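The structure appears below as structure tokens.
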Amino acid sequence: MKVAVVLYEAVEPVDLAVVGVLSMAKRITDDLEYFTVAETEGPVVLQNGLTVHADYAFANAPAVDVVIVTGGPGWTRQTNNKSMLGFLRSRAAENECIASVCTGAMILAAAGLLDGKPATTKSQVAPPEISPLSVLSERFGIDSSEALVIDAGNIVTGGGVTLGIDTTLYLLARYLGEDVASETARIMEYKAARQANMDRLPIQILTESDGQCTPALTQP
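Note that UniProt numbering numbers the sequence shown so that position 163 is 163, with each residue one more than the last.
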């Protein structure tokens, strides 16, 4: 499993828990590679001013199985970033799975990757902020609902903030098996939290039925 984690200016630092999960999973399996990617290789300033390093630029990033788009206040600028949107469209055209955590879903929507698909994103905000779920629906016309994960095949969207951990564990289970995901959660001391999140929020997987996509609730 090869994963690219997409960075941009003003990503929320907690969304980089995605990288933390992948780092822990490397202790469990050798069948995992991951790197960070941004519009240009090099420093990327997060929402709190912390600077992280993008391993690759969009132009030279290797092929992967999964691209994970992180979230944060910077999503608003990225929905108009032709370089970002073109990168995601081109990777989707290569049948790479495009996933988002938190408000990264807005960027997928702007790229047209959520057209005709249900999706989820961050649901909880501090007033007077507007719910990203509402923005996803009203601005982009997406069928949005609160969920842990919505898996529409080559497009996967996950819930907000720390639920990015659960989305990453879900992707590990999908590509490497539930044993890898479960053991990763265990060594992260996250098994109870993962189960609690699965108990309170649905995981939706779209399945083909008579040529139509219908949602099915499931858990790993």
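Ideal Cβ positions, reconstructed from N, Cα and C, are used throughout, including at glycine.
This one's a predicted model, so the numbers in the text were calculated from it and none came from an experiment.
Three-state secondary structure (DSSP) of residue i
i      : result
LEU50  : coil
ALA4   : strand
THR184 : helix
ILE165 : helix
VAL21  : helix
SER144 : strand
GLY104 : helix
VAL14  : helix
GLY153 : coil
LEU206 : strand
GLY158 : strand
CA-to-CA distance, residue j to residue i, given in whole angstroms
i      : j      : result
GLN78  : MET198 : 30 angstroms
ALA99  : VAL67  : 6 angstroms
ILE155 : THR51  : 29 angstroms
GLY153 : ALA126 : 32 angstroms
GLY49  : PRO43  : 11 angstroms
TYR34  : ALA61  : 11 angstroms
LEU169 : VAL21  : 7 angstroms
GLY177 : LYS191 : 16 angstroms
VAL18  : ARG194 : 14 angstroms
PRO73  : GLU129 : 11 angstroms
ALA63  : GLY104 : 20 angstroms
GLU9   : THR40  : 11 angstroms
LEU7   : THR207 : 31 angstroms
MET24  : VAL101 : 18 angstroms
Assigned exposure category for residue i - 16 Cβ within 10 Å defines buried
i      : result
VAL15  : The residue you asked about is not Val; residue 15 is Asp in the sequence shown. Classification for ASP15: buried.
GLN204 : buried
ASP179 : exposed
LYS82  : exposed
SER134 : exposed
ALA216 : At ALA216 the pLDDT is 43, less than 50, meaning the model places this residue with poor confidence and gives no usable figure here.
Checklist line | Every unbroken alpha helix (DSSP H) inside the stretch 106-140 [4 residues or more] | finding: Contiguous alpha helix (DSSP H) elements confined to the stretch 106-140 occur at 132-138, taking only those with 4 or more residues.
Margin query: When you compare the stretch 137-153 with the stretch 84-93, are there three or more beta-carbon pairs, one atom per stretch, that lie closer than 8 angstroms?
Written below: Under the three-pair Cβ rule at 8 angstroms, the stretch 137-153 does not count as touching the stretch 84-93.
Checklist line | Stretch-stretch touch, CB-based, cutoff 8 angstroms, three pairs: the stretch 182-191 with the stretch 27-45 | finding: The stretch 182-191, when compared against the stretch 27-45, does touch it at the 8 angstroms Cβ threshold.
Margin query: Threshold first: 4 residues or longer. Then list the alpha helix (DSSP H) segments lying entirely within the stretch 25-81, N to C.
Written below: Annotation: the stretch 25-81 contains the following complete segments of the alpha helix (DSSP H) (minimum length 4 residues), in chain order: 75-78.
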